[in-house]
Amino acid sequence: MKRIESLNQTIHEELARVIDRELEFPEGTLVTITRIETSDDKYHAKAFFSILGSASSEEVLNMLNGRIPFIQKVLNRRLRIRPIPKIRFLFDEEEKRRETVEKLLGEPDRSSHV
Numbered sequence: 060m061k062r063i064e065s066l067n068q069t070i071h072e073e074l075a076r077v078i079d080r081e082l083e084f085p086e087g088t089l090v091t092i093t094r095i096e097t098s099d100d101k102y103h104a105k106a107f108f109s110i111l112g113s114a115s116s117e118e119v120l121n122m123l124n125g126r127i128p129f130i131q132k133v134l135n136r137r138l139r140i141r142p143i144p145k146i147r148f149l150f151d152e153e154e155k156r157r158e159t160v161e162k163l164l165g166e167p168d169r170s171s172h173v
């Protein structure tokens, strides 16, 4: 499994770089790759993302999916591994739940203030 983890890390770093430097999103929207899950055969990878800002997850997903050919081409050029997994983007629901819990834990309990 160590090999898959290393591959996931490599893809994560390069994909984050591409998204940060070469793609444009609506003003005030930050897109972050949260994790990569590569299949055992290394032909497919799920790229989970989270967003901060005004754009909806559906809007960002559509934008990312529309740029998959470009992203795949960049990964093919930059990564020295073969095969380069086919990327599939998914909104990271786990990250959204974690952020919600953190927000709730960070808010003072108003019910105890009478």
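Mapping of the sequence shown onto the working numbering: residues 60 to 173, in sequence order. Quick reminder that beta carbons are idealized off the backbone N, C-alpha and C, glycines included. Quantities reported herein were computed from a predicted structural model and do not represent experimental measurements.
Check: If you count every other CB in all the chains shown that lies within 10 Å of the CB of S171, and 16 or more means buried, which is it?
Finding: Bear in mind that a pLDDT of 49 at S171, under 50, signals an unreliable position, so the number given afterwards is only what the model happens to contain. S171 comes out exposed.
Next item on the list: Measuring alpha carbon to alpha carbon, tell me which of D79, A106 and R137 ends up nearest E152.
Entry: A106
Next item on the list: Counting only runs of 4+ residues fully inside the region 91 to 163, write out the alpha helix (DSSP H) ranges in chain order.
Entry: 116 to 125 and 127 to 137
Next item on the list: Check K82 in the structure and name its three-state DSSP category.
Entry: Strictly speaking, residue 82 in this sequence is Leu, with Lys absent from that position. Note: L82 maps to coil in three-state DSSP.
Checklist line | Burial state of R80 (16 or more Cβ within 10 Å) | finding: exposed
Item checked: Buried or exposed by the 16-neighbour rule on C-beta atoms within 10 Å, applied to F129 -> exposed
Check: Do you know how far the Cα of V90 is from the Cα of M122?
Finding: 11 angstroms
Notebook entry, point to check: What's the C-alpha gap between I146 and H103?
Noted result: 6 angstroms
Next item on the list: Let me know if E109 comes out buried or exposed under the rule of 16 or more other beta-carbons within 10 Å of its beta-carbon.
Entry: It should be noted that the sequence gives Ser, not Glu, for residue 109. Buried: at least 16 other Cβ atoms inside 10 Å.
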